[in-house]
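Counting from 1 along the sequence shown, just add 7 to a position and that's the residue number in the numbering used here.
Report on the following structure.
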Amino acid sequence: MSIPNNDLINELIELTPESNLAITRNERAAATDNTQAAFDIIFSVDSSRLTPEIKYHFASIVAEQTGSATLAYFYQQSLGQHPLNLTDPAFKAAEKYLQTLVNHPKQTDYQLLNALTHHGWIESDIILLAQLITFVTYQARLIEGLRLLQQHEPSHIHTPLYVRNELLLIML
């Protein structure tokens, strides 16, 4: 998949290169580059269980459940019209693992992992699935956080002001 300017995050939030937020992100180029590299690797590595279509399907679920409609839409569009066997027991076991890891991470246990291996998942595919889930969770939070920052023009930033040793907040 080709990402314009090799930065999916900037593309999805429509960040222009001259914006203050883009300039700030460029100051932390390693973080931006590593985020894009993680995306590229997770979605390009071969897997016996996680086809590109299943990766996009699971990524759209994770993005939706972590509150990023923008990212969920991107992954749904990437999935396209490829049919998936949503009733396959191996798929169902992975979906249950995904739901637990996203919504109740403390409840992730060996039973979930055993269900995956019972249905033919190998260790490398389970690790890739966990990486996909945690990466998309991070990606969704990053996108939504940056979108919030985009809404705060410099004239809307709260700046602390002290008067008689009392902290007041003012709008500049």
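Even glycine gets a Cβ: it sits at the ideal position worked out from N, Cα and C.
- With 16 other CB atoms within 10 Å as the buried threshold, where does D14 fall? The sequence position of residue 14 within the sequence shown is 7, counting from 1. Buried: at least 16 other Cβ atoms inside 10 Å.
- Drop a sphere of 10 angstroms on the beta-carbon of L156, count the other beta-carbons inside from all chains shown, and report buried for 16 or more, exposed for fewer. Stepping through the sequence shown from its first residue, residue 156 is reached at position 149. The residue is exposed, with fewer than 16 neighbouring Cβ atoms inside 10 Å.
- Task: Measure the C-alpha to C-alpha separation of G74 and I140 and round it to an integer number of angstroms.
- Result: Position 67 of the sequence shown, counting from 1, holds the residue named residue 74. Position 133 of the sequence shown, counting from 1, holds the residue named residue 140. Roughly 14 Å between the two C-alpha positions.
- Item | Endpoints, the alpha helix (DSSP H) within which S67 is located | Numbered from 1 along the sequence shown, position 60 holds the residue referred to as residue 67. S67 -> alpha helix (DSSP H) spans P59 to Q72.
- Could you pull out every unbroken alpha helix (DSSP H) segment of at least 4 residues lying fully inside the region 88–126, listed in chain order? For the region 88–126, whole alpha helix (DSSP H) runs of length 4 or above, ordered along the chain, are 96–110 and 117–125.
- Query: Would the beta-carbon of K62 fall within 9 Å of that of S55?
  - Reply: Position 55 of the sequence shown, counting from 1, holds the residue named residue 62. Position 48 of the sequence shown, counting from 1, holds the residue named residue 55. Contact: no.
- Message: Just to confirm the assignment, what range does the alpha helix (DSSP H) spanning I133 have?
- Response: As a first step, residue 133 is located in the sequence shown; it is residue number 126 there, counting from the start. That run of the alpha helix (DSSP H) goes E130 to Q158.
- Query: Alpha carbon to alpha carbon, how far is V109 from A100?
  - Reply: Taking the sequence shown and counting its residues from 1, the one referred to as residue 109 is at position 102. Taking the sequence shown and counting its residues from 1, the one referred to as residue 100 is at position 93. So the alpha carbons of these two residues sit roughly 14 Å apart.
- Limits of the alpha helix (DSSP H) - the one that D47 falls within: Here residue 47 refers to the residue found at position 40 of the sequence shown. Annotation for D47: the continuous alpha helix (DSSP H) segment containing it runs A36 to S51.
- Q106 versus F65 - alpha carbon distance: Against the sequence shown, residue 106 aligns to sequence position 99. Against the sequence shown, residue 65 aligns to sequence position 58. Roughly 10 Å between the two C-alpha positions.
- Query: Are at least three pairs of beta-carbons, each pair with one atom in the region 124–138 and one in the region 18–32, less than 8 Å apart?
  - Reply: no
- Message: When you compare the region 31–51 with the region 133–147, are there three or more beta-carbon pairs, one atom per stretch, that lie closer than 8 Å?
- Response: Yes, since at least three Cβ pairs between the region 31–51 and the region 133–147 fall closer than 8 Å, the two stretches touch.
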